[in-house]
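Engineer: Can you keep this structure in mind? I'll have questions shortly.
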């Protein structure tokens, strides 16, 4: 009884929780509906840890208290079901905030990490609610992807946009097509400031076109969501696209918290009995989350433990490229792979031993990337003034440009460069798979000759950027994401979907409480599935033969190599420089041509 009496004397607050695909937002209101606590943070797919950090901060601010709560967000539903808390649909929560605090608003526009919403308010009528479909164009994720492509943070992208003088057309419906537009602008020497502003303009056009669908966007226009809250230039582009004035637009303080605040406002009407803050902490520390994970339909572990991974790696016959120091006056052979996003440089001696290598992003400027790489080579090599380049060969996206501009000896088709490199690894190679940042090449070999070549077309699913996008979305570097996938015990089956539709599968995994390592391993399986079934449209893995070689920077992720072995039942060979194999093959070609000269 004493405990019950004590609980009655605790202050009661209303708590709104918004768990999105990338962030956790919390708003706490007092009895007068005033905001007394808020928090906004990336959860990096570890929602339990993020929740614990927020709960500690809340306890430090308010002490022990009772909370009447409701939860929303694209990932929130699964947690609401598991913990027995009340769930409110996200747009309903946002509409509640607007109707309660901003009755003058006629149009509501919300942009999140992977979704965007528009609500039209008319007195005496039910609000008209619109949401984007499964396309991530016109969302925060789209902005994050393009910022990464330019090598800047979203806040730096905002600073660049403020200095722009021109706007260029960019396709914002899909990150795949936008990359092509942006790279074209970079190659045309368009300023990064103009590109940044063009990205924001494309986002505004996409949101208005896809959500308004003929409805008039009337002031006042209410803007909310993380991108609006943290990227002031985005608001300016929306004002321009909508043709309204600054006074017609409302961007409140705490715009990123609007759905969470709506949940808090509705908690008293939809919420269950108040719960003590220490009980919430207990649920987060010892609750049901890990024990109630649904393991139905999960995939076979790739390794399952660090020991299993180490044993596999030590048992693999990894082909290690022999390295040596260059000797003064020794003839050397230069191989260059000028890709769409990176430039790779290899220098071999006459015996095919590696004396120098360089790997760098070209930021759309193949010419200067190669120029800087060569300068770095001469600055690094001992006896650089005595290095003799006896032959040179270039392949890839910038082949014609570099061959002409720098008077290189030979150019070679990219697939032939990779085939030459693969034969050095495995002379009897039957199948070569090269996965780069945005492209994929598969080479079928029969009796030592290429029988068939397959490449991906517009779709980037299964390529390096596919994994990089989601690793960054979940707050991980690609290398860390790859390492996590090796430790997964129950990989989540993400299927064979494109980058855009994969978002919904990732959200489903998070709702079901899948740890990030299981999601990471699911991506490794998806890369292989996309390759075998979407690009190659294979019916029988016997087509691959028994001598498989994999290349490309993506294959530094050993879980992808293992996924290919698991799904084909075949052993796979790879080198310790998979990302440099195109340049390596080009250098080998230069050696061969010099011998035949």
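In the numbering used here, the protein residues as written are 423 to 1019.
Virtual Cβ for every residue (Gly too), placed ideally from N, Cα, C.
(1) Between the Cα of residue 780 and the Cα atoms of 772, 786, 773 and 801, which residue gives the shortest distance?
(2) Rounded to whole angstroms, how far is the Cβ of residue 763 from the Cβ of residue 782, which I believe are closer than 8 Å?
(3) Enumerated in chain order, which unbroken segments of the beta strand (DSSP E) with a length of 3 residues or greater are wholly contained in the segment 944 to 986?
(4) Would a C-beta distance cut-off of 8 Å place residue 470 and residue 434 closer than the cut-off?
(5) Under the rule that 16 or more other beta-carbon atoms within 10 Å means buried, what is residue 737, buried or exposed?
(6) Among 589, 531, 615 and 577, which one has its Cα closest to the Cα of residue 631?
(7) Nearest to residue 776 by alpha carbon, out of 786, 788 and 755?
(8) Between residue 956 and residue 543, what straight-line distance do the alpha-carbon atoms span, to the nearest angstrom?
(9) Would you list, in sequence order, the uninterrupted alpha helix (DSSP H) runs of no fewer than 4 residues that lie entirely inside the segment 688 to 749?
(10) Hey, out of 646, 806 and 718, whose CA is closest to residue 673's CA?
(11) Would residue 807 be called buried (16 or more neighbouring beta carbons within 10 Å of its own) or exposed?
(12) At what residues does the alpha helix (DSSP H) containing residue 876 begin and finish?
(13) How many Å lie between residue 829 and residue 750 at the Cα?
(14) Can residue 915 and residue 944 be called in contact, C-beta distance under 8 Å?
(15) How big is the Cα-Cα spacing for residue 902 and residue 666?
(16) Indicate the three-state DSSP secondary structure (helix, strand or coil) for residue 490 in the structure shown.
(17) For residue 457, write down the residues that DSSP places opposite it in a beta bridge.
(18) Quick check: what's the CA-CA separation for residue 473 versus residue 706?
(19) According to DSSP, simplified to helix, strand and coil, what is residue 799?
(20) Quick one: using the 10 Å Cβ neighbour count with 16 as the cut-off for buried, is residue 526 buried or exposed?
(21) Please classify residue 662 as buried or exposed, where buried requires at least 16 other C-beta atoms within 10 Å of its C-beta.
(22) So, is residue 445 buried or exposed, given that buried needs 16 or more other C-beta atoms within 10 angstroms?
(23) Where do the ends of the alpha helix (DSSP H) carrying residue 474 lie?
(24) Between residue 496 and residue 929, is the Cβ-Cβ spacing less than 8 Å?
(25) State the Cα-Cα distance for the pair residue 711 and residue 505, rounded to the nearest angstrom.
(26) Mapping DSSP to helix, strand and coil, what is residue 1004?
(27) Since residue 534 and residue 442 should fall inside the 8 Å C-beta cutoff, what is the C-beta to C-beta distance between them, to a whole number of angstroms?
(28) Mind the definition here: the segment 603 to 613 touches the segment 820 to 839 only if three or more C-beta pairs lie below 8 Å; say whether that holds.
(29) Enumerate in chain order the residues of its own chain whose CB-to-CB distance from residue 1007 is below 6 Å, with the five nearest sequence positions on each side excluded.
(30) What does the Cβ neighbour count give for residue 691, buried or exposed, with the cut at 16 atoms within 10 Å?
(31) Note the first and the last residue of the continuous alpha helix (DSSP H) segment covering residue 637.
(32) Between the segment 474 to 486 and the segment 456 to 466, are three or more C-beta pairs nearer than 8 Å?
(33) Could you tell me the distance, in whole angstroms, from the CA atom of residue 974 to the CA atom of residue 856?
(34) Is the beta carbon of residue 617 less than 8 Å from the beta carbon of residue 688?
(35) Name the two residues that bound the continuous beta strand (DSSP E) containing residue 837.
(36) Using the beta-carbon count (16 or more within 10 Å), is residue 958 buried or exposed?
Structural biologist: So, from the listed chains and residues:
(1) With distances taken between CA atoms, residue 780 lies nearest to 801 out of 772, 786, 773 and 801.
(2) Contact doesn't hold; Cβ gap of about 10 Å is too wide.
(3) 970 to 973
(4) no
(5) With fewer than 16 other Cβ atoms within 10 Å, it is exposed.
(6) 531
(7) 755
(8) 44 Å
(9) 699 to 708 and 728 to 737
(10) 646
(11) exposed
(12) From DSSP, residue 876 is part of no alpha helix (DSSP H) but of the beta strand (DSSP E) over 871 to 877.
(13) 23 Å
(14) Annotated as proximal: residue 915 and residue 944, with beta-carbon spacing under 8 Å.
(15) 45 Å
(16) strand
(17) 451
(18) Across the structure, residue 473 and residue 706 are spaced so that their CA atoms are roughly 7 Å apart.
(19) helix
(20) exposed
(21) With fewer than 16 other Cβ atoms within 10 Å, it is exposed.
(22) Buried, because 16 or more other Cβ atoms sit within 10 Å of the Cβ of residue 445.
(23) 469 to 484
(24) With respect to residue 929, residue 496 sits close: the two C-beta atoms are nearer than 8 Å.
(25) Since pLDDT at residue 711 reaches only 48, below the 50 mark, its modelled position is unreliable, and the value read off the structure follows with that caveat. So the two alpha carbons sit approximately 8 Å from each other.
(26) helix
(27) 6 Å
(28) no
(29) Result list for residue 1007: 839, 840, 842 and 843, in chain order.
(30) exposed
(31) No alpha helix (DSSP H) contains residue 637, which DSSP labels as neither H nor E.
(32) yes
(33) 5 Å
(34) no
(35) Here residue 837 belongs to no beta strand (DSSP E); instead the alpha helix (DSSP H) covers 836 to 847.
(36) buried
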